Amino acid sequence: MLLKAILLFCISLNLYAYDRIIALSPSINEIIYALGDGDKIVGNTTFCNYPEAAKSKQKVGGYFSPSLEKIISLKPDIVIMQHSSIKLSKKLNYLGIETKVVKLDRLDSITATIKDIGNILGKPKKALNILKELEHKLNQTKNIVNNKKILMVIGHNLSLEKRIFVAGQNLYFDDIINLSGNTNAFISKRIGQPILNMENIIATNPDIVILIAPFTKKKGLTKQDLIKPWLSLPINAKKTKSIYVLDKHYAGIASDRLRLFLEDFRGFLLDAKNKQLH
8 MLLKAILLFC ISLNLYAYDR IIALSPSINE IIYALGDGDK IVGNTTFCNY
58 PEAAKSKQKV GGYFSPSLEK IISLKPDIVI MQHSSIKLSK KLNYLGIETK
108 VVKLDRLDSI TATIKDIGNI LGKPKKALNI LKELEHKLNQ TKNIVNNKKI
158 LMVIGHNLSL EKRIFVAGQN LYFDDIINLS GNTNAFISKR IGQPILNMEN
208 IIATNPDIVI LIAPFTKKKG LTKQDLIKPW LSLPINAKKT KSIYVLDKHY
258 AGIASDRLRL FLEDFRGFLL DAKNKQLH
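Just so we're aligned, residue 8 is where the sequence shown starts under our numbering, counting upward by one.
Spelled out as structure tokens, the structure:
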């Protein structure tokens, strides 16, 4: 009995003995910090700049081009990465470095990833609290307006002639729209990133347009600069001026800060409802 207890104790120690972690995306980096273990991160990527302490971590390259040599030199206990880096995971495993590959594309995968990282770090209760807060924020977006077509556009577009990136059915933005009681203005079975032109946009005829454009000010632009092209289109959103810009740093990052995105989303829906009433 004593031997069994000692064995279980050793297993539990090994399970949570991750003191040197490399996070290979901003979302993963932020989740680890939110769980209270940011001090265990020894390396992250160039774009991992939140919270402030993350900026001073050793950089192992970009999201799509991390350096295998830099990762190895940091002697990590585990490297946590998104599914797009699966080939790198296999290389690291071959070299004896443990990895965890996660998905952060849909709401259910974001939930699963927060749970998984919470378990890896021995912080399941903390992870559960984060998920409860996200669920609360999701519930607050429900039925403010109903059956409206919402188009989420990604990027800083000053022209709508071509190459307009929008959220399709392959991202958590689509889940958020549907759970709010509305529909994605762009519907397609295409798996890849949807890219539209002006004709396509007019055909979707959205009731609400949300422009996801982080770092707008850094690019020398204003929200009005981004809204202006949309006001020339014959779409419902133009008639009610239900066109919004989300320019915060967390826009598009699937971490615990998704709660902030949901707060903004709720605000847009409330404003759109008010405009429709008048």
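Where a beta carbon is used, it is the ideal one built from N, C-alpha and C, also for glycine.
Model, not experiment: these values are computed from the prediction.
Rounded separation between residue 111 and residue 37 - CA only: If you draw a straight line from the Cα of residue 111 to the Cα of residue 37, it is about 13 Å long.
8 Å CB neighbourhood of residue 153 in its chain, flanking five on each side removed: Short of 8 Å from the beta carbon of residue 153, and not among the five residues preceding or following it, lie these beta carbons of its own chain, in chain order: 188, 189.
Contacting residues, own chain, Cβ-Cβ under 7 Å from residue 165 (five flanking each side not counted): Counting only Cβ-Cβ distances below 7 Å, and skipping sequence neighbours, we find 232, 236.
Classification of residue 89 by the beta-carbon crowding that lies within 10 angstroms, buried from 16 upward: Classification for residue 89: buried.
Own chain residues within Cβ distance below 7 Å of residue 43, not counting five before or after: For residue 43, where only same-chain residues beyond five positions count, the Cβ hits under 7 Å are 130, 133.
Enclosing beta strand (DSSP E) for residue 36 [first to last residue]: For residue 36, no beta strand (DSSP E) run applies; the uninterrupted alpha helix (DSSP H) run containing it begins and ends at 33-41, by DSSP.
Any alpha helix (DSSP H) of 4 or more consecutive residues that is wholly inside the stretch 156-186: Whole alpha helix (DSSP H) segments, 4+ residues: 179-186.
Same chain only: Cβ atoms within 8 Å of residue 198, ignoring 5 sequence neighbours per side: Closer than 8 Å at Cβ, skipping near neighbours: 177.
Straight-line gap, residue 173 to residue 212 (C-alpha atoms, nearest Å): Rounded to the nearest angstrom, the two C-alpha atoms are 14 Å apart.
Whether residue 184 touches residue 157 by CB criterion (9 Å): Going by C-beta atoms, residue 184 is nearer than 9 Å to residue 157.
Opening and closing residue of the alpha helix (DSSP H) in which residue 78 lies: Segment 75-80, the alpha helix (DSSP H) holding residue 78.
Selected residue, minimal CA-CA separation from residue 289, among 229, 244, 196: Any property of residue 289 remains undetermined from this structure, which presents the chain solely from 8 to 285.
Cβ-based neighbour list, residue 66, same chain, cut-off 6 Å, excluding 5 preceding and 5 following: Contacts found: 53.
For residue 16, the three-state DSSP class (helix, strand or coil): With a pLDDT of only 45 at residue 16, under 50, the local geometry of the prediction cannot be trusted, and no value is derived from it.
Nearest-angstrom Cα separation, counted from residue 106 out to residue 99: Near 7 Å, if we compare the C-alpha coordinates of residue 106 and residue 99.
As assigned by DSSP and simplified to three states, the class of residue 223: Reduced to three states, the DSSP call for residue 223 is coil.
Where residue 149 sits in the DSSP three-state scheme: Coil.
Beta-carbon spacing of residue 278, residue 253 below 9 Å: No; because the gap between Cβ atoms is not below 9 Å, this pair is not in contact.
Straight-line gap, residue 266 to residue 256 (C-alpha atoms, nearest Å): CA-CA distance, residue 266 to residue 256, rounds to 13 Å.
Inter-residue Cα distance where the pair is residue 55 and residue 121: Taken atom to atom, the span from the alpha-carbon of residue 55 to that of residue 121 is near 17 Å.
Residue 20, buried or exposed, once every other Cβ within 10 Å from all chains shown has been counted against 16: Only weak support exists for where residue 20 lies, its pLDDT of 45 falling under 50; the value from the coordinates is given anyway. Exposed.
Own chain residues within Cβ distance below 7 Å of residue 230, not counting five before or after: Hits under 7 Å: 223, 252, 254.
Through-space distance from residue 240 to residue 95, alpha-carbon basis: Take the alpha-carbon of residue 95 and the one of residue 240: they are about 44 Å apart.
For residue 51 and residue 29, believed in contact at Cβ under 8 Å, the rounded distance: Contact holds; Cβ gap of about 7 Å.
Bounding residues of the beta strand (DSSP E) (the contiguous stretch that carries residue 107): Segment 106-109, the beta strand (DSSP E) holding residue 107.
Residue 58 versus residue 45: straight-line alpha-carbon distance, rounded: Whole-angstrom Cα-Cα distance: 9 Å.
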